[in-house]
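Below: one structure, written as structure tokens.
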Amino acid sequence: MSGLVKSLGVTRGTALMLNIVLGAGLLTLPGLAFRDAGADALWVWGACALAAVPLLVVFALIGRMFQDAGGIPAIAGQQFGPRGYTAGTFLFLGAVALGLPAIAITGGYYAASLIDVSPYMLGAALLIAATGVNFLSAEIAGRVNSAIASALVAILLGVVVLGAVAVAKGGGEIQGAISTSPPAGLAGYAAVFMMVFFAFTGWEVAAHLSEEFRSPKRDIPLAMALSFIIAVFFYFALALIVALSGLTGSFEAPFVAILSEGYGPWAGQGMAVVAVVMIFANLSAAIWPVSRMVYSSSREGLLPAALLSTRKGTPLHAVSAVLAVLLMAITAAGTGILPLNRLLEFAGQNFLLLYGLAAVALLHAAPQIWVKAVACFAVLIVVSILAMREPWAMLYPLLLILLSLTASGSMKRHQASH
């Protein structure tokens, strides 16, 4: 029997999923998408939303069928053995290794509008400070992260309202800012699609709250549907505001420029402060589960045993290792090896592969024909999207999968010796 408390219904489940899904990356993604796709940006957001629907159905079905809090790696391990578990783990860690630095750099760009320092240095400082919270005792860190996570929806709603008023005051017009017909082919926007798809990640984590729902078969699909509708509202509202603003610069921190234009410099500075605080909170909350996953993987023999050191319930070495990897990614971005849009693009691609892995696991496990049909459709969507990518873009996940195959052998030897 699970030791987790069944305390979630539709309302609390929806709120919790929104806290997981709505990330601080939303403060930069609308600007970057508009920079790269121009008037077609909203069509890219729409394509991502449509592609996410069947994948979301897959996670709802998984949440109903598998009462397991272990996430996609655990489900893949149940269906395909150690290789499935290690592949899922490496793909997930590979996604957050690029996604979290991208969020930190976003905070750096907002902070750079206040002080004249490199956004990459400021992003690194944000990461170090956020990691510092996770060096506290597990109880204190948990309280800090819980206290600030729920403010995200309120902040985004404030940005939507203030941004809409600012655009209206500036006379923003739909004509010319938004394409009235879809582009001839989205294949030309494959990189932008993968970058924007980063905003549609998080439900792969939320799906595995199933052990904590009082009535998972009824409430998980409802909570996922409601959280998806609310999230898509925010995505389109923020993307529309950026498009109507006629933004010509500051794409990495678009809402500072928009609010400064609409209300004066003080509004832009206030937005920058709020964004930095929100991103700090987002990073602090995200580093917590990632470091625990690293610790768990080390305990399973998947990662080095040196990462098992703890103090007051905090896995010190795992937290330190996570920080080191994230800082390396920021360094790569700062030197131009992996710019901000590439970090988001490759993180989104890894999450898409995880969605595909979940769909294959559901296809393998489900006895019902209609469930298998849904899983096949989801796999087809993932394959179709990845087919638009240039072959070199797949090198990163392929390398991670090869490393996972090597690590699965180490894990088997570790388990055999214990």
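Residue numbers for the sequence shown follow my numbering, so the first one is 268 and each next one is one higher.
Backbone N, C-alpha and C define an ideal beta-carbon position, used for all residues, glycine too.
Which of helix, strand or coil DSSP assigns to R481: coil
When R279, L296, V288 and T281 are compared against R609, the one with the closest alpha-carbon: L296
A553, buried or exposed, once every other Cβ within 10 Å from all chains shown has been counted against 16: buried
Residue of A628, I636 and L323 minimising C-alpha distance to G355: A628
Helix, strand or coil at R302 according to DSSP, with G and I counted as helix: helix
Length of the line joining the Cα atoms of F402 and A421: 28 Å
Assumed close pair A433, V543 - CB separation to whole angstroms, cut-off 8 Å: Going by Cβ atoms, the distance from A433 to V543 rounds to 20 Å, so no, they are not a contact pair.
Where the alpha helix (DSSP H) containing Q635 begins and where it ends: Note, Q635: premise wrong, no alpha helix (DSSP H); not H, not E.
Nearest to S576 (by Cα), restricted to the options A585, Y530, A306 and S551: A585
Span of the alpha helix (DSSP H) around P556: P532 to R566
Candidates V288, V277, G290 and R302, of which the one nearest L511 by Cα: R302
Nearest neighbour of P521, chosen from S482, L570 and G374 [CA to CA]: G374
CA-to-CA distance, T673 to S380, given in whole angstroms: 45 Å
Status (buried if at least 16 other CB within 10 Å, exposed otherwise) for T398: buried
Nearest to I287 (by Cα), restricted to the options L670, S494 and G430: S494
Beta carbon of L393 nearer than 8 Å to that of A371: yes
R609 in three-state terms, based on DSSP: helix
Integer Cβ distance of Y456 from A304, believed to fall under 8 Å: 6 Å
CB of P368 within 8 Å of CB of A596, strictly: yes
G430 and I497 closer than 8 Å at C-beta: no
Range of the contiguous alpha helix (DSSP H) that encloses I372: P349 to A379
Rounded separation between V589 and G276 - CA only: 33 Å
Simplified DSSP assignment, three categories, for G656: The question names Gly, yet the displayed sequence has Arg at residue 656. Three-state result, R656: coil.
Option in Q635, A626 and L653 with minimal Cα separation from A642: A626
Nonlocal neighbours in the same chain, by C-beta distance under 8 Å from Y582, ignoring five residues either side: Correcting the residue type first, residue 582 is Pro in the shown sequence and not Tyr. S558, R559, V561, Y562, L574, L575 and S576, listed in sequence order.
Residues near L670 in its chain [Cβ-Cβ closer than 8 Å; skip 5 each side]: F357
Nearest-angstrom beta carbon gap, Q616 and A645 [assumed within contact, 8 Å]: With a Cβ gap of about 16 Å, A645 and Q616 do not count as contacting.
Beta-carbon proximity of E519 to G351, cut-off 8 Å: no
Helix, strand or coil at A520 [DSSP, three-state]: coil
V459 versus S651: straight-line alpha-carbon distance, rounded: 15 Å
Backbone secondary structure at D307 - three-state DSSP: helix
Distance between Y622 and I382 (C-alpha atoms, nearest Å): 40 Å
Residue closest to P488, alpha-carbon to alpha-carbon, out of L294, A640, N549 and L328: L328
Any chain B beta carbon closer than 8 Å to H584: As a matter of chain content, chain B is missing from the structure shown, which is built from one protein chain.
Same chain, Cβ closer than 7 Å to Q536, neighbours up to 5 away in sequence not counted: L381
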